[in-house]
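Number of protein chains: 2
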Amino acid sequence: MDKNYFVSQLKEFSESYQINVDEDILGEIVNKATFRVISKGEIIASIGEKTTAAALVLSGLARCYYIDNDGNDITRGFAPEGTMCMDEGFFGYSERICMWETLEETTLMLCKTEDIKKLIKENVAIKDAWILLLERALRYKIYRENGFLVENATERYIHFKKMYPNLSETVPQKHIATYLGIAPESLSRIRRAMKETD
Amino acid sequence: MDKNYFVSQLKEFSESYQINVDEDILGEIVNKATFRVISKGEIIASIGEKTTAAALVLSGLARCYYIDNDGNDITRGFAPEGTMCMDEGFFGYSERICMWETLEETTLMLCKTEDIKKLIKENVAIKDAWILLLERALRYKIYRENGFLVENATERYIHFKKMYPNLSETVPQKHIATYLGIAPESLSRIRRAMKETD
DNA sequence: TTTGTGCATTAACATATGTTAATTACCATT
DNA sequence: AATGGTAATTAACATATGTTAATGCACAAA
Numbered sequence: 001m002d003k004n005y006f007v008s009q010l011k012e013f014s015e016s017y018q019i020n021v022d023e024d025i026l027g028e029i030v031n032k033a034t035f036r037v038i039s040k041g042e043i044i045a046s047i048g049e050k051t052t053a054a055a056l057v058l059s060g061l062a063r064c065y066y067i068d069n070d071g072n073d074i075t076r077g078f079a080p081e082g083t084m085c086m087d088e089g090f091f092g093y094s095e096r097i098c099m100w101e102t103l104e105e106t107t108l109m110l111c112k113t114e115d116i117k118k119l120i121k122e123n124v125a126i127k128d129a130w131i132l133l134l135e136r137a138l139r140y141k142i143y144r145e146n147g148f149l150v151e152n153a154t155e156r157y158i159h160f161k162k163m164y165p166n167l168s169e170t171v172p173q174k175h176i177a178t179y180l181g182i183a184p185e186s187l188s189r190i191r192r193a194m195k196e197t198d
Numbered sequence: 199m200d201k202n203y204f205v206s207q208l209k210e211f212s213e214s215y216q217i218n219v220d221e222d223i224l225g226e227i228v229n230k231a232t233f234r235v236i237s238k239g240e241i242i243a244s245i246g247e248k249t250t251a252a253a254l255v256l257s258g259l260a261r262c263y264y265i266d267n268d269g270n271d272i273t274r275g276f277a278p279e280g281t282m283c284m285d286e287g288f289f290g291y292s293e294r295i296c297m298w299e300t301l302e303e304t305t306l307m308l309c310k311t312e313d314i315k316k317l318i319k320e321n322v323a324i325k326d327a328w329i330l331l332l333e334r335a336l337r338y339k340i341y342r343e344n345g346f347l348v349e350n351a352t353e354r355y356i357h358f359k360k361m362y363p364n365l366s367e368t369v370p371q372k373h374i375a376t377y378l379g380i381a382p383e384s385l386s387r388i389r390r391a392m393k394e395t396d
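One line per chain: the protein sequences are Y and S, in this order.
When the first sequence is numbered by this note's numbering, its final residue is 198 and no position is left out of the sequence of numbers.
When the second sequence is numbered by this note's numbering, its final residue is 396 and no position is left out of the sequence of numbers.
Put into structure tokens, the structure is as follows:
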């Protein structure tokens, strides 16, 4: 295992959040973490499980989804390279209420929940980083709430494509549709209408 | 001004978040804060303004709302007694993107943004409290996202009534409707359908 | 190449929600 | 009590999205 490589990836991640953490602390995190390469289409976390770790996507793509009362698969969100597979399992709920899977071959850095919580507690720089991460997540959810309140499905799709230009090419339409809160057939119809009107 | 009374209210607020903060720090916060009693129907913050303070609702009720492209008033959320009028103006955006108004006579405790940020920076207990507050806000937004993804308007209304039994009596239907992402006329229809089927 | 499997598209129809306009109910003020 | 203004309800119709089923397409396995 090439520790320095992982440290530099973690550094890149933290810098993408405008966070500065000493390299020795990043090294400490990497020392405690485990790394997994997961092939496409694997389940990496399931409903009802205890949340024992948080994952950073070093490469690849993960998807978080609900199973609703009728058994339908509904996408809650995507975790592309450089983001975390993080959900409320990490704060407040010990049992997962959603699933995670890989949509491509994916490399994960896994950090035990207890290790992260200890780091957050003991290290002010990490605690500040955690705050920034929470604030960003909250802003994102507010942005999404705004979409459901004031936009129709077509507008939400347009904004999705702007925000995730790569994903809209590689991810199955059905997952994008449920992420937008509509049926896959509806997204198909919307795409056609957008083509026809240029 | 009865400082002790405000300190006890602030204590109640922090305990509702399972937060323990020394009383002298609460006293310090109260010393720095200003208090305002605002009559029903007043605008307390507007789009485009700089966010200079955060407000805790000591009594009464406030409402946060967007104005969409067509000029429609769309409710983003409510801040009943014991909660904060907090939006992304406090973290990341300096300019407000939404409005706040009172729906009843309301008493606010106003804390300057700079004062809170200083407190968060310098006092670990406050910093931990801020984390808990962010986590709770994030859980709430995830709950809401879930509603838009897997529920229809009727189900969202039922859940709203369970979560805010008081509000569903006192708040104008039109605000509840836009909060649920539907037109007031649609909520009216839903309520009638619910009555008819018991 | 053949076969099988899942995905995207399409069409027809069903349902939920939006829109408009009229009516009624409910207040606050005078 | 009378008035005026806002909110809620209702109905008729418009539109967006859901549902079902059929078809075609792409890709992987045999």
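Think of the CB as a built atom: it goes at the ideal place given N, C-alpha and C, for glycine as much as any other residue.
Asked, Found
"Note down, in chain order, every chain Y residue with its Cβ under 8 Å from the Cβ of Ala-335 of chain S.", "Leu-138"
"So which residues of chain S does Leu-134 of chain Y contact, with C-beta pairs closer than 8 Å?", "Ile-329, Leu-332, Glu-333, Leu-336"
"Taking the C-alpha atoms as reference points, what is the distance between Leu-187 of chain Y and Thr-75 of chain Y?", "14 Å"
"Please confirm if Tyr-66 of chain Y has its CB atom under 8 Å from at least one CB of chain S.", "yes"
"Give the range of the beta strand (DSSP E) segment to which Thr-300 of chain S is assigned.", "297-300"
"For the beta strand (DSSP E) that contains Ala-231 of chain S, what are its first and last residues?", "Here Ala-231 of chain S belongs to no beta strand (DSSP E), and DSSP marks it neither H nor E."
"Quick one: grab the DSSP three-state call for Met-192 of chain Y.", "The sequence shown places Arg at residue 192 of chain Y, not Met. Note: Arg-192 of chain Y maps to helix in three-state DSSP."
"Spell out whether any CB of chain Y is found under 8 Å from the CB atom of Arg-342 of chain S.", "yes"
"Tell me, to the nearest whole angstrom, how far the beta carbon of Ser-206 of chain S is from that of Gly-280 of chain S; I am working on the premise that it is less than 8 Å.", "Not confirmed; about 13 Å, so no contact."
"Have a look at the DSSP bridge pairing and note the partners of Met-282 of chain S.", "S:Leu-254"
"Tell whether a beta-carbon distance below 8 Å holds between Lys-112 of chain Y and Thr-178 of chain Y.", "no"
"Span of the beta strand (DSSP E) holding Thr-395 of chain S?", "Here Thr-395 of chain S belongs to no beta strand (DSSP E), and DSSP marks it neither H nor E."
"Grab the span of the beta strand (DSSP E) containing Tyr-263 of chain S for me, first residue to last.", "259-265"
"With a floor of 4 residues, list each alpha helix (DSSP H) that falls wholly inside the region 108-134 of chain Y, ordered by position along the chain.", "113-122"
"Rounded to a whole number of angstroms, what is the C-alpha to C-alpha distance between Leu-58 of chain Y and Tyr-164 of chain Y?", "17 Å"
"For Ala-193 of chain Y, is the classification buried or exposed, using 16 other Cβ atoms within 10 angstroms of its Cβ as the cut-off for buried?", "exposed"
"Got a sec? Which residues, its chain only, sit under 7 Å from Ile-19 of chain Y by beta carbon, not counting five neighbours each side?", "Ala-129, Leu-132"
"Note down, in chain order, all residues in the region 78-99 of chain Y with a beta-carbon under 7 Å from any beta-carbon belonging to chain S.", "Glu-88, Phe-91, Gly-92"
"In three-state terms, what does DSSP make of Ile-176 of chain Y?", "helix"
"So, at 8 Å on beta carbons, what are the nonlocal neighbours of Lys-3 of chain Y in its own chain, with the 5 sequence-adjacent residues on each side left out?", "Gly-27, Val-30, Asn-31"
"Which residues, taken in chain order from the region 225-249 of chain S, show a beta carbon closer than 9 Å to some beta carbon of chain Y?", "none"
"Is Arg-274 of chain S helix, strand or coil when you go by DSSP?", "strand"
"Assuming His-357 of chain S contacts Arg-261 of chain S under a Cβ cut-off of 8 Å, what Cβ separation, rounded to an integer in Å, is found between them?", "Going by Cβ atoms, the distance from His-357 of chain S to Arg-261 of chain S rounds to 19 Å, so no, they are not a contact pair."
"Kindly list the residues whose CB is nearer than 7 Å to the CB of Cys-98 of chain Y, restricted to its own chain and excluding five residues on each side of it in sequence; keep chain order.", "Ile-47, Cys-64, Tyr-65, Tyr-66, Arg-76, Asp-87"
"Can you name the residues of chain Y whose CB is closer than 7 Å to the CB of Phe-358 of chain S?", "In chain order: nothing, as chain Y lies at least about 14 Å away."
"Is Thr-249 of chain S helix, strand or coil by DSSP?", "coil"
"Is Thr-170 of chain Y buried or exposed, if buried means 16 or more other CB atoms sit within 10 Å of its CB?", "exposed"
"Taking DSSP's pairing of strands, which residues face Val-235 of chain S in a bridge?", "S:Thr-305"
"Is there a C-beta anywhere in chain Y that falls below 8 Å from the one on Leu-347 of chain S?", "yes"
"Mind checking who Ala-45 of chain Y pairs with in its DSSP beta bridge?", "Y:Trp-100"
"If you compare alpha carbons, which of S:Glu-221, S:Leu-259, S:Lys-360, S:Glu-349 is closest to Lys-238 of chain S?", "S:Leu-259"
"What residue from S:Tyr-341, S:Leu-378, S:Glu-247 has the CA that sits closest to Ser-292 of chain S's CA?", "S:Glu-247"
"How close, in whole Å, do the beta carbons of Leu-182 of chain Y and Ala-153 of chain Y come, if the pair is a contact with beta carbons under 8 Å?", "The sequence shown places Ile at residue 182 of chain Y, rather than the Leu named in the question. At roughly 5 Å, the Cβ-Cβ gap stays under 8 Å, so Ile-182 of chain Y and Ala-153 of chain Y are in contact."
"With distances taken from CA atoms, which of S:Ala-323, S:Leu-347, S:Pro-370 is nearest Asp-68 of chain Y?", "S:Leu-347"
"Against chain Y, with Cβ distances strictly below 8 Å, would Ile-223 of chain S count as a contact?", "no"
"Could you spell out where the alpha helix (DSSP H) holding Phe-358 of chain S opens and where it closes?", "351-361"
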